[in-house]
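Enquirer: Under the working numbering, the first residue of the sequence shown is numbered 0, with each subsequent residue one higher.
A virtual CB, placed ideally from N, CA and C, is assigned to each residue, including glycine.
None of these values were measured; they are calculated from a predicted model.
Below is one structure. I have some questions about it.
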Amino acid sequence: MSSIRDRVKQLVPAQVTSRVRGSLVDYGIRTSERRPLPDFLIIGTKRGGTTSLWNYLIAHPLVPRLFPAWNTKSSHYFEEHWSHGEAWYRSHFPTVRQRELLESRHGGPVRVGEAAPLYMFHPLVAERVASSMPAARLIVLLRDPVERAYSHWKERRANGVEPLDFAAALAAEQERTAGERERLIAEPDHCSRRFDWYSYRARGRYLEHLEPWLAHFDRRQLFVLPSEELFRDARAAYRRTLDFLGLPAVDLPDFKVYNGRRSAPLPPPLRVELTEYYRPYNEALRQRLGSPLDWPDRAA
Numbered sequence: 000m001s002s003i004r005d006r007v008k009q010l011v012p013a014q015v016t017s018r019v020r021g022s023l024v025d026y027g028i029r030t031s032e033r034r035p036l037p038d039f040l041i042i043g044t045k046r047g048g049t050t051s052l053w054n055y056l057i058a059h060p061l062v063p064r065l066f067p068a069w070n071t072k073s074s075h076y077f078e079e080h081w082s083h084g085e086a087w088y089r090s091h092f093p094t095v096r097q098r099e100l101l102e103s104r105h106g107g108p109v110r111v112g113e114a115a116p117l118y119m120f121h122p123l124v125a126e127r128v129a130s131s132m133p134a135a136r137l138i139v140l141l142r143d144p145v146e147r148a149y150s151h152w153k154e155r156r157a158n159g160v161e162p163l164d165f166a167a168a169l170a171a172e173q174e175r176t177a178g179e180r181e182r183l184i185a186e187p188d189h190c191s192r193r194f195d196w197y198s199y200r201a202r203g204r205y206l207e208h209l210e211p212w213l214a215h216f217d218r219r220q221l222f223v224l225p226s227e228e229l230f231r232d233a234r235a236a237y238r239r240t241l242d243f244l245g246l247p248a249v250d251l252p253d254f255k256v257y258n259g260r261r262s263a264p265l266p267p268p269l270r271v272e273l274t275e276y277y278r279p280y281n282e283a284l285r286q287r288l289g290s291p292l293d294w295p296d297r298a299a
């Protein structure tokens, strides 16, 4: 008898939590008309420091978190939950009244956003964002694609979804992801884990993923921040980001690194191969953006 009571006690909190979560989600949707769309998006790149930058931004008193509170940095609306509709998306953001209270309390403009590294890479997201939020400001973190690919693999490996070593994973990428991009375009509700998880090499060809954004948005709406600048001097990178968003300067007490992964260095033969692979793509990107992007591939 006592064991049954113990099991009931264990189940009740979970049931209550589920009901509370459901009620908050329903409340957000019911009040969606009072919840403006966000002002900015961090659209990439994966393993480029997006989680760190997001956490620095929500430490600013004029950058509120998503709603409900368990949403960490993204709704994944534009790539995974597009079929849910705009009311569902709006439900993740503060109300007009909440914005006004923050502005009154802190004496400045509120900036609401989210961070989703797959947004830049997904073939349909730029057009979707442009149709919903043509005035949005877009933050793009770009990391040396060689280091980005290796870090991406380390994350997948640590999460238990990558059984292959890095060299084998690179070799298997084309077969693993074959047809997934085309399917995402043909089936707007399709969500591809393989396209997200195993695109180590492809995601570093940044220009082809940025072109749709540059086609739909004024260049002044995009803030391109090399990840290396964020890693080297987070305080200065943070100030530049606040300036782009039109936010008053705030000096944070510290700049903790989020999702950092220490490991053995990338084997030299793979580094050389990837550096040569990305060289023409990086040079085209530099010319298109007018930015030096001081990555190792610039050396002869």
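By alpha-carbon positions, which one of Val-24, Thr-49, Arg-29 ends up nearest to Leu-224?
Expert: For the purposes of this step, residue 224 is taken as the residue at position 225 of the sequence shown. Leu-224 has its Cα closest to that of Thr-49, out of Val-24, Thr-49, Arg-29.
Enquirer: Can you have a look at Leu-140 and say buried or exposed, based on whether 16 or more other CB atoms are within 10 angstroms of its CB?
Expert: The residue labelled residue 140 in the question sits at position 141 within the sequence shown. By the neighbour-count rule (16 or more Cβ atoms within 10 Å), Leu-140 is buried.
Enquirer: When DSSP builds the beta bridges, which residues end up paired with Ile-41?
Expert: For this step, residue 41 is matched to residue 42 along the sequence shown. Looking at the DSSP assignment, Ile-41 forms a beta bridge with Ala-114, Ile-138.
Enquirer: Using the DSSP secondary-structure output, state which residues sit across from Phe-222 in a beta bridge.
Expert: On the sequence shown, residue 222 is found 223 positions in, with the first residue counted as 1. Its beta-bridge partners are Ile-138.
Enquirer: Does the Cβ-Cβ distance between Leu-137 and Trp-212 come in under 9 Å?
Expert: Looking up residue 137 in the sequence shown gives position 138. Looking up residue 212 in the sequence shown gives position 213. Contact annotation: Leu-137 and Trp-212 have beta-carbon atoms nearer than 9 Å.
Enquirer: Please name the residue in Pro-295, His-121, Glu-146 whose C-alpha comes closest to that of Glu-186.
Expert: Translated into positions along the sequence shown, residue 186 becomes position 187. If we check each option's Cα against that of Glu-186, His-121 comes out closest.
Enquirer: For Tyr-26, does the count of other Cβ atoms within 10 angstroms reach 16, so buried, or fall short, so exposed?
Expert: In the sequence shown, counting from the first residue as 1, residue 26 sits at position 27. Looking at its Cβ environment, which holds fewer than 16 other Cβ atoms inside 10 Å, Tyr-26 is exposed.
Enquirer: Which residue comes first and which comes last in the alpha helix (DSSP H) that contains Glu-174?
Expert: The residue you call residue 174 lines up with position 175 of the sequence shown. 165 to 176 is the extent of the alpha helix (DSSP H) around Glu-174.
Enquirer: So His-208 and Arg-46 are in contact, right, with Cβ under 8 Å, and what is the actual spacing, rounded?
Expert: Indexing the sequence shown from 1 puts residue 208 at position 209. Indexing the sequence shown from 1 puts residue 46 at position 47. The Cβ separation is near 14 Å, so there is no contact.
Enquirer: Given that a residue counts as buried once 16 or more other Cβ atoms are within 10 Å of its Cβ, and exposed if not, what is Asp-296?
Expert: The count along the sequence shown starts at 1 and reaches residue 296 at position 297. Classification for Asp-296: buried.
Enquirer: Do you know offhand how far Arg-260's Cα is from His-59's?
Expert: In the sequence shown, the residue the question calls residue 260 occupies position 261. In the sequence shown, the residue the question calls residue 59 occupies position 60. Using only the alpha carbons, I get a separation of about 26 Å.
Enquirer: Apart from the five residues just before and just after Leu-244, which ones in its own chain have a Cβ nearer than 7 Å to its Cβ?
Expert: Looking up residue 244 in the sequence shown gives position 245. Hits under 7 Å: Phe-39, Arg-110, Arg-136.
Enquirer: Determine the direct distance from the alpha carbon of Ser-103 to that of Tyr-118, and round the result to whole angstroms.
Expert: Sequence index remark: in the sequence shown, residue 118 carries index 119 (1-based). Sequence index remark: in the sequence shown, residue 103 carries index 104 (1-based). So the alpha carbons of these two residues sit roughly 33 Å apart.
Enquirer: Count the other CB atoms within 10 Å of the CB of Arg-218; is the residue buried (16 or more) or exposed (fewer)?
Expert: Mapped onto the sequence shown, residue 218 falls at position 219. Exposed, by the Cβ-count rule.
Enquirer: Between which two residues does the alpha helix (DSSP H) carrying Tyr-280 extend?
Expert: In the sequence shown, the residue the question calls residue 280 occupies position 281. Where Tyr-280 is concerned, the enclosing alpha helix (DSSP H) stretches over 267 to 288.
Enquirer: To the nearest whole angstrom, what separates the beta carbons of Pro-37 and Phe-77, a pair I think is in contact under 8 Å?
Expert: Taking the first residue of the sequence shown as position 1, residue 37 is located at position 38. Taking the first residue of the sequence shown as position 1, residue 77 is located at position 78. 11 Å between Cβ atoms; not a contact.
Enquirer: Suppose the cutoff is 7 Å on Cβ atoms and the five residues either side in sequence are ignored; what does the same chain contact list for Leu-206 look like?
Expert: Here residue 206 corresponds to residue number 207 of the sequence shown, with the count starting at 1. Answer for Leu-206: Tyr-280, Ala-283, Leu-284, Arg-287, listed in chain order.
Enquirer: Could you tell me the alpha carbon to alpha carbon distance between Ala-86 and Thr-30, rounded to whole angstroms?
Expert: Taking the sequence shown and counting its residues from 1, one reaches residue 86 at position 87. Taking the sequence shown and counting its residues from 1, one reaches residue 30 at position 31. When rounded, the distance between both Cα atoms is 9 Å.
Enquirer: On the CB-based measure, 16 or more other CB atoms within 10 Å of its CB, does Lys-72 come out buried or exposed?
Expert: Taking the first residue of the sequence shown as position 1, residue 72 is located at position 73. Looking at its Cβ environment, which holds 16 or more other Cβ atoms inside 10 Å, Lys-72 is buried.
Enquirer: Thinking C-alpha only, which one of Tyr-55, Ser-226, Arg-193 is nearest Asp-143?
Expert: As a first step, residue 143 is located in the sequence shown; it is residue number 144 there, counting from the start. Nearest of Tyr-55, Ser-226, Arg-193 to Asp-143, Cα basis: Ser-226.
Enquirer: Under the assumption that Arg-65 contacts Ser-74 (Cβ atoms under 8 Å), give the Cβ distance between them as a whole number of angstroms.
Expert: To locate residue 65, count along the sequence shown from 1; it is residue 66. To locate residue 74, count along the sequence shown from 1; it is residue 75. According to the sequence shown, residue 65 is Leu rather than Arg. Confirmed, about 7 Å.
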